Structures are given as structure tokens and as C-alpha cells.
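Take a look at the structure below.
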Amino acid sequence: MDVTIILDSLPSLLKATLMTICLAGISIIIALIIGFFTAIIRIVKVSILNGIATTYVSIIRGTPLLVQIFVIYYGLPQIGIALDPISSGVMALSLNAGAYLSESFRASILAVDNGQMEASLSMGMTYSQALKRIILPQSLRIAIPTLSNSFIVLIKDTSLVSVITVTELLQMSSLIIAKTFEPLTIYLIAAAIYWVLITFFTTLLDKLEVRTSKYLVR
Amino acid sequence: MSIIQINNLKKSFGLNEVLKGIDLTIAKSEVVVIMGPSGSGKSTLLRCLNFLEEPSDGIIRIGEFQVDIDGKLDRRRKKEIRELRKITGFVFQSFNLFPHKTAIENVMEGPIIIHGTKLDEARNIAQDLLIKVGLGDRCNHYPAQLSGGQQQRVAIARSLALNPVVMLYDEPTSALDPELVKEVLQVIKDLAKEGMTMVIVTHEMNFAKEVADRVIFMDNGVIVEQGTSDEIFLKPKEARTRQFLSIVE
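For the record, the sequence lines run as chains A and B.
Going by the numbering used here, the first residue of the first sequence is number 1, and it counts up by one from there.
Going by the numbering used here, the first residue of the second sequence is number 1, and it counts up by one from there.
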């Protein structure tokens, strides 16, 4: 093993890591929005939208992410929707994570004791006031551990986008290996970078969970 | 004029008819205690008054707001129900305080959201009410940091914050340790002295004797008999009432 190979490849790997972070970051934000509204639609049972939301979650959860990426990148151009690799990747990752996040949100909203809704309604609040002020703040705290799980999966799933030529961390590793013939070293470095990213993120969310749970401390 | 008027109130859960046509009129400042075995429909009756259960049939009037049950659950009807809820305070067996808000925030929530009261004014209202229920020094505690009795007193203060014309209590002390029951009952007694109209579902016989203007005994979805606490506890007319009292006492 040659140390200079590591030093030489590090700048490119870190640059690619930035791409991975961007992919994950943008996708998480979009997925949170999709997941939140899908959950609300399914909880409140907004007539037609409820059917669409349920079908969406079912399709996404019932098919492999890799297939979803291929459909979006290679399939959609056939009906005139041609997206560049990065946009395709972000779209696939957001739609995928959004479906899983919506299930987390939904479960956490349903996990709030029914007495909370009854107490709010009996005061004369509307359903949406009760949801906004009383139910959602409590459900977000409940949701954090499962959200954290989905985030971990999403960060790892960004590696799948390498198959449609997005130069993120895994794709860059493969490119470097093609030149240096050092698969063990380079892939281990890539693995280490993923591990650091994910550990940083989960620590952050653990802290958030402690903070949002402070009202439960006796 | 009476504060509450209920005509022919019916409620079924599927095929199971829990309330079989209740007629009840409650006067201003009256304290009514409802007793009966479990499954008699007493909690359902109370919950129907606040539409926490959707009644199957009948008419409910509280204050000036009347809801006919046979109408559809449309927008106008939902608004009627909301108006009716705004003027009734409901106290739950399990308190149902908002755990993510402090005691004072729990009490402020109603005035701010329902009445649109300004923050400072709501805080003053809430503080006065917490002092009134003996918790002036617990304003900034979260529910998890309070005992059951204290939580229930905050819950009563939260209901009072909306200036209700009537307070409804659904077994307010059933979830409490025996030594905490007294402090909650004391708050309710104080309210009775102030002339608050109250309907209380409870198993606390001595409390009923002390505070009730009228005791209603329910069984099997109907009012079996009603009268002053002496009439019901000392010389009950119905065999079913005597049987229940002999078991409870």
C-alpha cells in the first residue's frame, strides 16, 4: 500500500463527498416536505388525495430504489421528461425517502394519546388548530428516532446514484481504483467517510431528541 | 332559564344502545352528581354533552347554543358544536394536560387560541387561576413534574380559563392516589360555593353527599332515579339503586 496514493486521491474523494452530502441534504429536505404532507393527507383522509398518497407509498415501498432510479433516468426521457443525472438522482432519492418518512410521520402522529385531541377539541379548537398546536409538536419528538433511521438509509442510498454517472463518493472511488488498482485501500477510505458522515448526523439527531424531550424529565 | 337542557338523547355504539333517551334539565349554579355502575352510560352522557361522542339522536342545549342531532354533520353544525364546547369546561379522568407545555402555558392555550387574548393578558388570567387552584408556585413546571392531583388541578384551571357556563367532570379523581383525591375535590367544592354550574360523574359518595344539589342514579342507559343526596342515599325508591348502594358502601 502506497501512502502517496491515499494522499493523491484524498482531494478528489473529499470533493465527491461534498456531492454526496449535497445529494443527501437536498433529498432529505424535499423528502421531509413530501413525507409530512403525505402523512397529513393520509391521516385526515383528504378524499382523492388520500388514494393517490396511499398508492404512492405502496409503489415506492414495493419496488427497489435502483429500479426507481432507472425508471426516472432512462425511462422518463421516452415520454419527453429528460432530467440530468443529478436531478434524476435527487428526484429518485426524495420520492423514495418521502414515502418512508410519511410512514414515520403517520405512525408518530397516531402514537400521540387520543386524549390530547379530545382535550383540544373540548376547548373549542378546530381539528387543524389541535393538530398544529398540540398533536404535531408531540409527534415530531416521537418521530425523531425513526426519522434518524431513514436519514441513515438515505445517506447510504446516495451511493446507488453512481450507476447513473453522478460523481459522488462511490463513483469517484471506482474512478480512482481504475487508475491506481488499489480497491481495498480506496473502498475502505470511502467506507470510513460514509461512517463519519452518518455518525455525525445521528449524533446531531440524538442531541435533538434529548432537547425536544426535556419536558418529559421529572 | 336552565343552563343545560337535554331532550331524548340517544347514543348507540353499533347495535349496543348505551343511552336510551335521556331527558335532563340543569339549572344555573346547580351541582349535579351522576352515579351508577360501569357501563350504565354516565360517562357517555357526559361526553355527548361535549360531542366527544357523537350522539345518535336528541337535542342538546347549553347556554344559548342548541344542537339538533338529526341534522347532518356539515360546516354549520361543526361550528355550532365548537361554540357549545367553548362555553363548557371538560375535565378528564386522565387529565390530558398538554405535556409539551408548562402548567401556565396549558392554561393560557385556551384564551390565546379560542378567545384571541393577548399574550400578557392570557398570562395574567392563567396565573390568577393557578393561584386559585393552589398552584401559584408551579406555573413553570411541566405536567411530568407534577403529581396527579396537581395535574388535575391544572386541568381544572385550564377549563376555567375559557369562562365556561358549566363544568363537566368525567370521574376526575378515579386516576388519583387516595391521598391526592382530597385536594382535587376541594377545588371542585370551592367552585360550587362560587355558584359554578357543574355536572360530575364520580364514585366519591361522601363528596356527592357534601356538594351535590341533585344526585342522579343511572343504569343501563336510563336515569333510574334522581333527587337530593339524602333522598338517593338514605331512602332510595328503586330496588336497583338500593342494590348499587349496598355494594358501593
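Glycine included, each C-beta is placed from N, C-alpha and C at the ideal position.
Predicted model, so just to flag it, every value in this text is computed and none were measured.
task: Output yes or no for whether 9 Å exceeds the beta carbon distance between Leu121 (chain A) and Leu52 (chain B).
output: The residue you call residue 121 (chain A) lines up with position 121 of the first sequence. The residue you call residue 52 (chain B) lines up with position 52 of the second sequence. Yes, the Cβ-Cβ distance between Leu121 (chain A) and Leu52 (chain B) is below 9 Å.
field: Residues that Tyr169 (chain B) bridges to, as DSSP identifies them
entry: Within the second sequence, the letter at position 169 stands for residue 169 (chain B). Tyr169 (chain B) pairs with B:Val91, B:Ile200.
- request: Evaluate contact between the region 180 to 187 of chain B and the region 217 to 225 of chain B, counting only Cβ atoms and requiring at least three cross-stretch pairs below 8 Å.
  value: no
task: With DSSP collapsed to three states, give me the class of Thr25 (chain B).
output: As a working mapping, residue 25 (chain B) is identified with position 25 in the second sequence. Three-state result, Thr25 (chain B): strand.
- request: Report, in whole angstroms, the separation of the C-beta atoms of Leu251 (chain B) and Val91 (chain B), which I expect to be a contact under 8 Å.
  value: Given that chain B is displayed from residue 1 to residue 249, the structure contains no residue 251 (chain B) and the question cannot be resolved.
- request: Look at the alpha carbon of Cys22 (chain A) and the alpha carbon of Leu13 (chain A), and state the distance between them as a whole number of angstroms.
  value: Looking up residue 22 (chain A) in the first sequence gives position 22. Looking up residue 13 (chain A) in the first sequence gives position 13. Those two C-alpha atoms are separated by around 14 Å.
message: I'd like to know if the region 108 to 128 of chain A and the region 47 to 54 of chain A are in contact, where contact means that at least 3 CB-CB pairs between them fall below 8 Å.
response: Output reads no: the region 47 to 54 of chain A does not touch the region 108 to 128 of chain A.
- request: Determine the chain B residues that contact Ser108 (chain A) at a beta-carbon separation under 9 Å, and present them in chain order.
  value: Here residue 108 (chain A) refers to the residue found at position 108 when the first sequence is read from its first residue. Those do not exist, as Ser108 (chain A) stays about 13 Å from chain B at its closest Cβ, beyond 9 Å.
query: How many angstroms separate the CA atom of Ala212 (chain B) from the CA atom of Met35 (chain B)?
result: The residue you call residue 212 (chain B) lines up with position 212 of the second sequence. The residue you call residue 35 (chain B) lines up with position 35 of the second sequence. Answer to the nearest angstrom: the Cα atoms are 11 Å apart.
query: Name the residues in the region 108 to 120 of chain B whose C-beta lies less than 8 Å from a C-beta of chain A; which are they?
result: Glu109, Gly110, Ile113, Ile114
Integer-rounded CB distance, given that Pro164 (chain B) should sit under 8 Å from Thr202 (chain B): To locate residue 202 (chain B), count along the second sequence from 1; it is residue 202. To locate residue 164 (chain B), count along the second sequence from 1; it is residue 164. With 8 Å as the limit, Thr202 (chain B) and Pro164 (chain B) do not qualify as a contact, their Cβ atoms being about 18 Å apart.
message: In the DSSP assignment, the beta strand (DSSP E) including Asp68 (chain B) goes from what residue to what residue?
response: In the second sequence, residue 68 (chain B) corresponds to position 68, counting from 1. Taken as a continuous stretch (DSSP letters only), the beta strand (DSSP E) holding Asp68 (chain B) covers 65 to 68.
query: Along chain A, which residues have their Cβ under 9 Å away from the Cβ of Leu162 (chain B)?
result: As a first step, residue 162 (chain B) must be located in the second sequence, where it is residue number 162. Chain order gives the chain A residues near Leu162 (chain B) as Met123, Gly124, where near means a beta carbon separation below 9 Å.
query: Under a CB-based cut-off of 9 Å, is Ser174 (chain B) close to chain A?
result: Looking up residue 174 (chain B) in the second sequence gives position 174. Chain A contact via Cβ: absent.
Interface residues of the region 92 to 104 of chain B facing chain A [CB-CB below 7 Å]: Phe92, Ser94, Asn96, Phe98, Pro99, His100
query: Exposed or buried, Ile81 (chain A), counting other C-beta atoms within 10 Å across all chains shown (16 or more means buried)?
result: Numbered from its first residue, the first sequence carries residue 81 (chain A) at position 81. The residue is exposed, with fewer than 16 neighbouring Cβ atoms inside 10 Å.
task: Leaving aside the five residues before and after Lys11 (chain B) along the sequence, list all residues of the same chain whose C-beta is less than 7 Å from its C-beta, in chain order.
output: Counting from one through the second sequence, the residue named residue 11 (chain B) turns up at place 11. The answer, listed in chain order, is Val18, Leu19, Thr44, Cys48, Glu53, Pro55, Ser56.
field: Interface residues of chain A facing Ala239 (chain B) [CB-CB closer than 8 Å]
entry: Numbered from 1 along the second sequence, position 239 holds the residue referred to as residue 239 (chain B). Residues of chain A passing the Cβ test: none, with the nearest at roughly 36 Å.
- request: Check whether the Cβ atoms of Leu101 (chain A) and Gly35 (chain A) sit closer than 9 Å, and answer yes or no.
  value: Mapped onto the first sequence, residue 101 (chain A) falls at position 101. Mapped onto the first sequence, residue 35 (chain A) falls at position 35. Closer than 9 Å, so yes.
- prompt: Would you say the beta carbon of Met19 (chain A) comes nearer than 8 Å to a heavy atom of the ligand COA?
  reply: Ligands displayed in this structure: none; no statement on the ligand COA is therefore possible.
query: Taking just the CA atoms, how far does Thr88 (chain B) sit from Leu135 (chain B)?
result: Locating residue 135 (chain B) in the second sequence gives position 135, where the first residue counts as 1. Locating residue 88 (chain B) in the second sequence gives position 88, where the first residue counts as 1. So the alpha carbons of these two residues sit roughly 22 Å apart.
field: Lys86 (chain B): contacting residues in chain E (beta-carbon distance under 8 Å)
entry: Here the protein chains are A and B, and chain E is not one of them.
field: Inter-stretch contact at 8 Å, needing at least 3 Cβ pairs: the region 147 to 165 of chain A / the region 138 to 152 of chain B
entry: No, because fewer than three Cβ pairs between the region 147 to 165 of chain A and the region 138 to 152 of chain B fall closer than 8 Å, the two stretches do not touch.
query: Got a sec? Which residues, its chain only, sit under 7 Å from Pro183 (chain A) by beta carbon, not counting five neighbours each side?
result: For the purposes of this step, residue 183 (chain A) is taken as the residue at position 183 of the first sequence. Around Pro183 (chain A), the same chain offers Ile177 as residues with beta carbons nearer than 7 Å, after the five sequence neighbours per side are excluded.
- prompt: In chain order, what residues of the same chain lie with their CB nearer than 8 Å to the CB of Asp157 (chain A), ignoring the 5 residues before and after it?
  reply: Taking the first residue of the first sequence as 1, we reach residue 157 (chain A) at position 157. Leu65, Leu93, Asn96, Ala97, listed in sequence order.
query: Should the region 125 to 133 of chain B be regarded as contacting the region 147 to 164 of chain B, the criterion being three or more beta carbon pairs within less than 8 Å?
result: yes
query: Is Ala119 (chain A) close to chain B, meaning its C-beta is less than 9 Å from at least one C-beta of that chain?
result: As a position in the first sequence, residue 119 (chain A) is number 119, starting the count at 1. Yes, because at least one Cβ of chain B sits closer than 9 Å to the Cβ of Ala119 (chain A).
field: Span separating the alpha-carbon of Tyr74 (chain A) from that of Gln68 (chain A)
entry: Along the first sequence, one-based indexing puts residue 74 (chain A) at 74. Along the first sequence, one-based indexing puts residue 68 (chain A) at 68. Going from the Cα of Tyr74 (chain A) to the Cα of Gln68 (chain A) covers about 10 Å.
Contacting residues, own chain, Cβ-Cβ under 8 Å from Val153 (chain A) (five flanking each side not counted): As a working note, residue 153 (chain A) is residue 153 in the first sequence. Excluding positions up to five away in sequence, the list reads Ala97, Tyr100.
- request: Please list the segments of the alpha helix (DSSP H) lying wholly inside the region 82 to 168 of chain B, counting only runs of 4 or more residues, in order along the chain.
  value: Counting only runs of 4 or more, we get 103 to 110, 119 to 132, 148 to 160.
Cβ neighbour criterion (16 or more within 10 Å) applied to Pro11 (chain A): In the first sequence, counting from the first residue as 1, residue 11 (chain A) sits at position 11. Residue burial is scored here from C-beta neighbours: Pro11 (chain A) has fewer than 16 other C-beta atoms within 10 angstroms and is therefore classed as exposed.
task: Please decide whether Phe270 (chain B) counts as near chain A, where near means a Cβ-Cβ distance under 9 Å.
output: Absent from the model: residue 270 (chain B). The displayed extent of chain B is 1 to 249, so no value can be given.
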